[in-house]
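Trainee:
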Amino acid sequence: MNPEETIINNFFNLMLGAQPIRRTRQQLLDNQERWINHLENIRKKNLVNFETTNSTFANKKANTVDVELVPKNRISISQLQINKVHTGKFLLCRVITKCAKSTALAMVIEDLEGEAERLALHNYIPVNKIPPGGLSVEQASRFLPIGTILAIQNPYYKISQDGQTSLRSDNPNEIVIIKSNDKLLTQFRWKTNIELPRHSGIETSKILSADDFRIRGNEYFGKKDFMSAFDEYSHGIELDPQNVTLYANRSEVHLRLSQFKEALDDAETALKIDSKHPKAAIRKGKALMHLKRYTESVNTFCTLLKDEAVNTLDKKLGKEIEEYRKQAQELDSENKHGNYNYIKIINEYLKKIETREINFGTKEWVHLGGPRLDHADYVSNVIEIKQVGKKGRGWVANNDIPQHTLLMVSKAFEIVFNQETRTCMNTNSSTKIMKEATNTELLTSIVQKLRVEPTLAREIYDLYAGPESIHTTSPGKISSKSVDVERIEKIIFYNAFQSEFMWEIFNQKIDHGCFGSGIWIKPSYFNHSCIDTNVQRIYLGDLMFVRAQRPIKKGEELTLFYTDPVEPFEKRTKTLQKFGINCQCRLCKLERAESNKVKQLRVKIQERFNSDITPPQFEGVSLDSLIAELESLIEELESLRPKNYDLDFSLMNVKTALSIAYHKNGSFTKSITILEQLHHLTKKHNLFHYSYRFSSLLAYSYTITAKVEKAKEYFKLALYEMIAPIIGNFDVSDSQIRSDVLLIAEKLNMPHINEAKLAGLMD
Ligand SMILES: C[S@@+](CC[C@H](N)C(=O)[O-])C[C@H]1O[C@@H](n2cnc3c(N)ncnc32)[C@H](O)[C@@H]1O
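Residue numbers (UniProt numbering): 1 to 763.
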């Protein structure tokens, strides 16, 4: 039986009431070996690992208790009870197998008494430490090599999905690594003698020099294996703790891994050794910027460039730098526009550094590791968070707001892209597996982030965490020990945005789009409405742009949709119910009021459409009979909602299919008339994510019918509809702006853009 079959089989046994299976030591070792081989096989073949579908939070407990590691609190494996969190206890154990990383980091451990058990550590490995092809067993085992002694606080013992017992921990803070000379160990003796493998690193460091480690680190860095580069530089530092280059290099590794606090620490250590080390200063400036310590970041860059101006006797540079410094000081005193303008200044400094070709090693300002853009948050002062009745908090306009006003540029607090979820790399972007995997990894990323930078916890813990949650953690109490994994999981559930990106990211063109799951703090306070929303969001990399979709009146609540209004009522309701939302928008009220008979008829019509008609090819069907069938479906749908048929978005798909059928049939005028109706409908209901598709389709259709002027008009409109949500109002006829706009449209894979180029529509 392969591992999947074993698991499913055991799971069914369990369902049928069989007793949980507790394996012997040898069985556990054999099982782990099989599991490791299985995972390696999956990783090498780049397959999806089925285990990633399991994103349930199994460790149901409120808060972590910090356990004192003294003999009276120790518990052994034989004392563990199933389905119980042993609060206040710790299990002293050591790793006896290699580790394998699927959803969790899995290994076998043994306790002092020599009894063995499986251990699954969730959220233990930061996503940014996982290389593109997934972690190999060798790499995973470097986190906790064989022989590592652990104290597992508050151990949770459970029956896994495979029906076997296992220890599970969701909170990495509960896993304490015990050094072999720890006082605690003098009080105990291990029953078994395991043979520890000689692991690389410390042993080999006796032979290699610090510079050898630097070279090896640089090689790994070149291959973007940042975790290995980190190990090599760290070994070098152990040998030569005054080596400025090693600290500066390790600081860059931390930047690439988005570990900004550590990046700052290393850069500062390097600067303590050599206060004029330019690369260390740049890395310090970048780290400070990411930590949102903008004034300090500006000062760091300013000092660096000032030194450069003095050294090169460049008066012009000296003056420019002073000018930027002044601007920054004004920002400090005004503190009006959030932190957005600091970034402009920081970028000016960086441009100076680059254009002067000073060899500061800062060419890759935008990280190569992922599409995370260097930017700060911006929130317009025309909106504020207020209580909005039963919905809780929400954004409200405190002034009249014109259409297309930029309301927010928000950088993801944390985001995970599908490409980063190990074995899920080449999967279909719409599969559930990937979504769940990205959400699981998002939890890990946030937990890890808060361990390093506990002060960030406040803004995340303040987000909505479900009806039963109360804000328990006060800012003073937040420490790395108090990462509340369960609360974060709930916050992800209620607040994560799951977004499709067409942007050219990861330095490669992604045809099928890129899926990301992230938390954006300020946008999380927008409440939902299916239609009549007044703001729209667009993603570029990890930035979310929020703009006014139409003019907004002072006092109006700002809403966006969580679920696409074009989805059927039943599907929307199901999704919204999960978030505790009983939507009171015009569309939901109308659909709720319809009789069951009407609802069932609509479902039947939809089923007929889905099964009989497969646009856009319509292969093997007579176009005439297809057109007749589509027209009859439309008539039936319209009769179900006679007064409000323009609010039946299920008509959109059917009408689009009819327009394509007419097009294929050569009835271009009829096809265009339908498209124009659909375009009008999407404009009327602010469905901007559909409007530009219809206008570019219209541009294409008019090109085919040789109506060039009309085609140009629709092409410009399509460009406007697609790009204005990102860059705001613009004049399409301005040729300079148009070339920028075309570039963005191309990056966003605008439909029919190549045909439009060929037809000369942008001249
Ligand atoms: C992302 S949060 C939005 C901000 C939230 N209101 C708060 O106080 O932080 C999502 C939660 O807001 C509430 N919510 C959002 N839209 C709503 C609506 N249209 N009606 C009722 N509750 C809504 C639900 O409790 C939902 O789970």
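We put the CB at the ideal spot given by N, CA and C, even for glycine.
Quick one: residues in its chain with C-beta nearer than 7 Å to the C-beta of I744, no 5 flanking neighbours on either side, listed in chain order?
Mentor: These residues qualify, in order along the chain: I723, I726.
Trainee: Which class does K84 belong to by DSSP, given the choice of helix, strand or coil?
Mentor: Here K84 sits in strand by DSSP.
Trainee: Relative to ligand 1, is the shortest distance from any of its heavy atoms to the C-beta of M518 smaller than 7 Å?
Mentor: Position check: residue 518 holds Gly in this sequence, whereas Met was assumed. Not under cutoff, so the answer is no.
Trainee: If you draw a straight line from the C-alpha of D212 to the C-alpha of R293, how long is it?
Mentor: Taking the straight line joining both Cα atoms gives about 35 Å.
Trainee: Roughly how many angstroms lie between the CA atoms of S169 and R94, to the nearest whole one?
Mentor: Rounded to whole angstroms, S169 to R94 spans 15 Å at the Cα level.
Trainee: Would you say the region 238-248 touches the region 221-228, given that touching needs at least three Cβ pairs under 8 Å?
Mentor: Verdict: no, contact absent.
Trainee: Helix or strand or just coil, what does DSSP make of F688?
Mentor: Note: F688 maps to helix in three-state DSSP.
Trainee: Could you check the C-alpha separation between Q448 and N653 for me, to the nearest Å?
Mentor: If you take the alpha carbons of Q448 and N653, they lie about 44 Å apart.
Trainee: Does the Cβ of Q536 have 16 or more other Cβ atoms within 10 Å, making it buried, or fewer, making it exposed?
Mentor: By the neighbour-count rule (16 or more Cβ atoms within 10 Å), Q536 is buried.
Trainee: Is it buried or exposed for H685, if we count other Cβ within 10 angstroms and need 16 for buried?
Mentor: H685 is buried by the Cβ-count criterion.
Trainee: In whole angstroms, what is the alpha-carbon distance linking N154 and K183?
Mentor: Distance between the alpha carbons of N154 and K183 is about 21 Å.
Trainee: Can you tell me where the alpha helix (DSSP H) holding D225 begins and where it ends?
Mentor: Counting along the chain, D225 falls outside any alpha helix (DSSP H), and DSSP gives it neither H nor E.
Trainee: Please determine, among K272, D648, S701, K101, the residue with the shortest C-alpha to C-alpha distance to L681.
Mentor: Ranking K272, D648, S701, K101 by Cα distance to L681 puts D648 first.
Trainee: Pick helix, strand or coil for K206, following the three-state DSSP scheme.
Mentor: Note that K206 scores a pLDDT of 45, beneath 50, so its modelled location is shaky; the value from the coordinates is reported in the next line. It is helical.
Trainee: By Cβ distance below 7 Å, which residues in the same chain neighbour S141 in space, the five residues on each side in sequence not counted?
Mentor: Excluding positions up to five away in sequence, the list reads K98, C99.
Trainee: Going by DSSP, what residues sit across from G394 in a beta bridge?
Mentor: According to DSSP, G394 bridges with K386.
Trainee: Are any of the Cβ atoms in chain B nearer than 8 Å to that of L743?
Mentor: No chain B is present in this structure, which holds just one protein chain.
Trainee: Looking at the structure shown, is G134 part of a helix, part of a strand, or coil, going by DSSP?
Mentor: Residue state, collapsed to three classes: coil.
Trainee: Look at S671 and S701 and say whether their C-beta atoms are less than 8 Å apart.
Mentor: It is a contact, given that the beta carbons lie within the stated cut-off.
Trainee: Give the DSSP-derived three-state secondary structure of D170 in the structure shown.
Mentor: Reduced to three states, the DSSP call for D170 is coil.
Trainee: Exposed or buried, which one is R547 when buried takes at least 16 other CB atoms within 10 Å?
Mentor: R547 comes out buried.
Trainee: Measuring alpha carbon to alpha carbon, tell me which of G134, L112, D314 ends up nearest residue 769.
Mentor: Residue 769 is absent from the structure shown; the chain starts at 1 and stops at 763.
Trainee: Do R393 and ligand 1 come close, with the Cβ less than 7 Å from some heavy atom?
Mentor: R393 Cβ: within cutoff of ligand 1.
Trainee: Around the C-beta of R487, are 16 or more other C-beta atoms found within 10 angstroms, so that it is buried, or is it exposed?
Mentor: Classification of R487: buried, given that the 10 Å Cβ count is 16 or more.
Trainee: Under 7 Å: does the beta carbon of K390 sit that close to some heavy atom of ligand 1?
Mentor: Yes - ligand 1 has a heavy atom lying nearer than 7 Å to the Cβ of K390.
Trainee: When every heavy atom of ligand 1 is checked, does at least one fall within less than 7 Å of the C-beta of I581?
Mentor: Yes, ligand 1 has a heavy atom inside 7 Å of this Cβ.
Trainee: Grouping DSSP H, G and I as helix and E and B as strand, with all else coil, what is S739?
Mentor: Helix, per DSSP.
Trainee: In whole angstroms, what is the alpha-carbon distance linking E68 and F90?
Mentor: Cα-Cα distance, rounded: 8 Å.
Trainee: Would a C-beta distance cut-off of 8 Å place N83 and V485 closer than the cut-off?
Mentor: No, Cβ-Cβ distance for N83 and V485 is not below 8 Å.
Trainee: What's the C-alpha gap between E504 and T165?
Mentor: With a pLDDT of 43 at E504, under the threshold of 50, the modelled position of that residue is not reliable, and the figure given next carries that caveat. Their backbone Cα atoms lie some 45 Å apart in a straight line.
Trainee: Quickly, what does DSSP pair D93 with across the bridge? List them, please.
Mentor: Note on identity: in this sequence residue 93 is Cys, with Asp being the wrong assignment. DSSP lists D111, L150 as partners of C93.
Trainee: With distances taken from CA atoms, which of N73, S234, L92 is nearest I177?
Mentor: The candidate whose alpha carbon is nearest that of I177 is L92.
Trainee: For G760 and R693, I'd like the C-alpha separation in whole angstroms.
Mentor: Each residue's Cα considered, the two are about 19 Å apart.
Trainee: Whole-angstrom Cβ separation of V65 and G88, contact assumed at under 8 Å?
Mentor: Indeed they touch by this definition, with Cβ atoms about 6 Å apart.
Trainee: Enumerate, from N- to C-terminal direction, the unbroken beta strand (DSSP E) stretches of 3 or more residues contained entirely within the region 627-670.
Mentor: None, since the region 627-670 contains no complete beta strand (DSSP E) of that length.
Trainee: Using three-state DSSP, classify N527 as helix, strand or coil.
Mentor: Reduced to three states, the DSSP call for N527 is strand.
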